[in-house]
Each structure stands twice: as C-alpha cells, then as structure tokens.
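Visitor:
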Amino acid sequence: MSSKINQIQEKIANLKEKQTELNAWQQNLIADLQQAEQALSAAIEEQKAEEARLTEEQRQQRQLLKQKVAARLEAAAKVDKAIAHLINNVKTFLDLAAEVESLADRTSQLNPSLTLEKAKLDVVDSIKEGANSLGIPTFFRHVPPADRKSFLEKEQTRLKILE
Numbered sequence: 005m006s007s008k009i010n011q012i013q014e015k016i017a018n019l020k021e022k023q024t025e026l027n028a029w030q031q032n033l034i035a036d037l038q039q040a041e042q043a044l045s046a047a048i049e050e051q052k053a054e055e056a057r058l059t060e061e062q063r064q065q066r067q068l069l070k071q072k073v074a075a076r077l078e079a080a081a082k083v084d085k086a087i088a089h090l091i092n093n094v095k096t097f098l099d100l101a102a103e104v105e106s107l108a109d110r111t112s113q114l115n116p117s118l119t120l121e122k123a124k125l126d127v128v129d130s131i132k133e134g135a136n137s138l139g140i141p142t143f144f145r146h147v148p149p150a151d152r153k154s155f156l157e158k159e160q161t162r163l164k165i166l167e
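In terms of this note's numbering, the sequence shown opens at residue 5 and continues consecutively.
Structure (structure tokens):
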C-alpha cells in the first residue's frame, strides 16, 4: 500500500508541477494578449491620426484650390470686361474708318489705305499680334456666336464642377 500511496503522492506532485507550469503559461499568455491589445490600440490610434492629418491636408488643398478658382473668376471677369471694352473701341474705330472712307470718296482722294476693308484688316492684325504675345493659341478659332461662352462663364462652370 505504501507504494500505492507513494505513486499517488508522486502523481499529485506531478499534477501540481503541471498546474504551476500551466499557471505560468497562462500568465505569459495573458501578458502576450495584453501586449497585443496595446499594440492594436496604438495602431488604431496611429491610423486615426493619419486619417485626420490627411483629412486636414485635403481640406487645406481644397481651400487653396477654391482660392485659386476665385482668383481665376476675378481675372475672367476682368478679361470679359476688357474684351467688351475692346469690342466697343473696335466698333468706334470702324465707324470712324467708314467716315474716313466716305469723306475720302466724296473728296476724290480715296486710295486703298483709306478703305474700311483695310481698316478692318489692320484691326484684326493688331488684335492677333496682341493675342500672340499673350500666348493665346485658340484666340481666333471660329466658334458660332450661339456656342460662345465668356471667360467668366467658363470659370464658373469649372467652379461648379469642383464643388
């Protein structure tokens, strides 16, 4: 019997040793789990901070873009006004050229340099020269009047697209 008692005591000692090992393993597992949870939490916070930074950066870029568009709208309005002024000046010039042609014809001093057609060509050439120096390649592309948009309308359309 004593050997049986010794065997049982040995089994109990082995089981206690295994229980101690399991407790240590459980403690290590709990520590590893807590460490993993902390790492996950830190990664989530880092991702949130990155998203907030990107969102702020995107907001700043959008604000800058809106400022640029507003500046372009302002410039487009000035261009439209300048074009209207140019058109009025050209009309006045052509009216004067027609009067000069008429007067030269009445006084029998009409020559090719005093015709209305010559004045029109001179105006067109002057405008083309000015447009070329500004680097406007399509300034004289023909667009039917019904299809024409002012610079301001084009810029307003771009702004609507952005928003």
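Positions of the beta carbon are idealized from the N, C-alpha and C atoms, including for glycine.
Where Ile-16 and Ala-35 are concerned, what is the direct C-alpha to C-alpha distance, given to the nearest angstrom?
Guide: The sequence position of residue 16 within the sequence shown is 12, counting from 1. The sequence position of residue 35 within the sequence shown is 31, counting from 1. Spanning the two alpha carbons is a distance of roughly 28 Å.
Visitor: Quick check on Ser-112: does DSSP put it in helix, strand or coil?
Guide: Here residue 112 is taken as the residue at index 108 of the sequence shown, counted from 1. In the structure shown, Ser-112 sits in coil (DSSP, three-state: anything other than H, G, I, E or B).
Visitor: Which term fits Glu-41, buried or exposed, when burial requires 16 or more other beta carbons within 10 angstroms of its beta carbon?
Guide: Indexing the sequence shown from 1 puts residue 41 at position 37. Per the 10 Å Cβ criterion, exposed.
Visitor: Quick check: the segment 64-75 against the segment 96-104, are there 3 or more CB pairs under 8 Å?
Guide: The segment 64-75, when compared against the segment 96-104, does not touch it at the 8 Å Cβ threshold.
Visitor: Could you have a look at Thr-24 and say whether DSSP puts it in helix, strand or coil?
Guide: Here residue 24 corresponds to residue number 20 of the sequence shown, with the count starting at 1. The answer is helix: DSSP assigns Thr-24 an H, G or I state.
Visitor: Classify Ala-80: buried if its beta carbon has 16 or more other beta carbons within 10 angstroms, exposed otherwise.
Guide: For this step, residue 80 is matched to residue 76 along the sequence shown. Buried, because 16 or more other Cβ atoms sit within 10 Å of the Cβ of Ala-80.
Visitor: Name the residue from Asp-109, Ser-117, Val-83 and Val-128 whose alpha carbon lies nearest to the alpha carbon of Lys-158.
Guide: As a first step, residue 158 is located in the sequence shown; it is residue number 154 there, counting from the start. Comparing Cα-Cα distances from Lys-158 to each of Asp-109, Ser-117, Val-83 and Val-128, the minimum goes to Val-83.
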